[in-house]
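What follows is a short report on a single structure.
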């Protein structure tokens, strides 16, 4: 029945339809009535059609064919034994009704989030002839995002913590937040700026939490996403907008293709940016217990690019480098020995060359993480970046910068924190804190691109 779409349809009306012998449809062959049903586009019209008489009712509901065709016209494939009628009606009802998202805690918000999760997990996007990401489920999701405030009011709740499922859902949809033509507004930037420069040792600033640091701090990552959205999509900020706007469409963040899954690894080419503040501003932000309405001027050096290549046999020097990284990182502490060994076995290593006003090299390690709120495909990202210095006898101990973050499901984006890596850090990990409040650090973002840094630029810079 169609109570989901026509509340006025009652059992009495349905009984009347079953007893009606409308001459126009009652005498038509079953196959023809079914063919007519397949041509009806509007849901309400289909509900009305099935109530004309018994023959039209059976044409629509005698088997799954009409509902399967209707479902596959709007959504991507689901298992063949699915109840297409129920799935179609539930999805259409909930997506059409929408919700006002305030934190993800109301029943209406929860229903919407569960359907969105189902659509994301069921999507299998691909590149079309125009090299654009195409997906029926993405089409439904984007329509929902444009008709509700789920991406229009990200972090608008101020100090209210969003429900983890809402935060993670908004994180996964970050590429749409960065699309300039969609024009999603940015709120709560002072909150996001303060979060971006938090000391990694305070609970709110830790990227990975919970037992063995296996739970992603979705709220903090959402602040990093919001931070860069502010700088990259707001022309009036005079920070990254002009450079971001001038990028070729293929060089901008995109939704992922294929299905989400626990497939570890990283793409070859990446582009991104990082931000930093003067030392006094970082100290002030970290010592302030309340969210200030003041906005500090973030320093940004445009975009950096890098190319990755997997390392099959990891050199001892690289292993030692990441031991130093783990001593410096809060995420590297408090992990059970058996879990640490399993993580080490599953780790993938990469070497990287890149350009950030000057050429640099880097060593990268990724660990798979368990599903978060039902979404698989998360990875912990660790990178040690060092610059070319012809006077250095050992680049692994000079001018080291660590990047710690999270690879979002789909492998299209990495969000996290950079910090200075002290090569003289003792085995205890108790190094000297910056201004008494943890190491000097700031936020970063990377996204996958089809091309890496220009080889000519690297060559000229090295010369």
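Residue numbers (this note's numbering): 312 to 774.
The beta carbon of each residue, even a glycine, is placed where N, CA and C say it ideally should be.
Note that the coordinates shown come from a computational prediction; the quantities given were computed from them, not determined experimentally.
Taking C-beta atoms under 8 Å as the contact rule, residue 688 and residue 721 qualify, at a distance of about 6 Å. At a Cβ-Cβ threshold of 9 Å, residue 590 and residue 449 do not count as neighbours.
Just so you know, the alpha carbons of residue 612 and residue 669 end up roughly 11 Å apart. At a Cβ-Cβ threshold of 9 Å, residue 756 and residue 539 count as neighbours. Proximity of the segment 528-548 to the segment 640-656 falls short of the contact definition, fewer than three beta-carbon pairs being nearer than 8 Å. Annotated as proximal: residue 723 and residue 564, with beta-carbon spacing under 9 Å.
Per DSSP, the beta-bridge partners of residue 616 are 582 and 666. Put simply, the backbone Cα of residue 479 is about 36 Å away from that of residue 358. Counted as a single uninterrupted DSSP element, the alpha helix (DSSP H) harbouring residue 347 occupies residues 341-350.
For residue 465, the closest of 497, 472, 441 and 483 by C-alpha to C-alpha distance is 497.
The shortest C-alpha to C-alpha distance from residue 548 to any of 693, 607 and 695 is the one to 607. With a contact defined as Cβ atoms closer than 8 Å, residue 663 and residue 732 miss out at about 16 Å. For residue 579, the closest C-alpha among the options 646, 660, 735 and 399 is that of 660.
For the 9 Å CB-CB criterion, residue 461 and residue 484 form a contact. Here DSSP, grouped into helix, strand and coil, assigns residue 621 to strand. When DSSP states are grouped into helix, strand and coil, residue 375 belongs to the coil group. Burial check for residue 636: the Cβ neighbour count within 10 Å reaches 16 or more, so the residue is buried.
According to DSSP, residue 716 shares a beta bridge with 692 and 727.
Setting aside the 5 residues that flank it on each side, residue 617 is surrounded in the same chain by 581, 663 and 665, each with a C-beta closer than 6 Å to its C-beta; the list follows chain order. Under the DSSP assignment, residue 433 falls in the alpha helix (DSSP H) whose first and last residues are 418-433. The three-state reading of DSSP puts residue 606 in coil, since its state is none of H, G, I, E or B.
A distance below 7 Å between beta-carbons, with the five flanking residues on each side excluded, links residue 524 to the following residues of its chain, in chain order: 642, 645 and 646. In the three-state reduction of the DSSP assignment, residue 557 falls in the coil class, being assigned neither a helical nor a strand state. In the structure shown, residue 697 falls within a strand segment according to DSSP collapsed to helix, strand and coil. A direct Cα-Cα distance of roughly 17 Å separates residue 400 from residue 428. Between the segment 433-448 and the segment 403-419, the count of C-beta pairs closer than 8 Å stays below three; the two stretches do not touch.
Boundaries of the alpha helix (DSSP H) around residue 398: 395-408. Non-local C-beta neighbours of residue 725 in its own chain, meaning closer than 6 Å and more than five positions away in sequence, comprise 692, 716, 718 and 757, ordered along the chain. Across the structure, residue 672 and residue 696 are spaced so that their CA atoms are roughly 6 Å apart. Here residue 358 carries a helix assignment [DSSP, helix/strand/coil].
Rounded to the nearest angstrom, the gap between the Cα atoms of residue 512 and residue 554 is 33 Å. At the C-beta level, residue 403 and residue 424 stay beyond 9 Å of one another. Ranking 505, 545 and 546 by CA distance to the CA of residue 530 puts 505 first.
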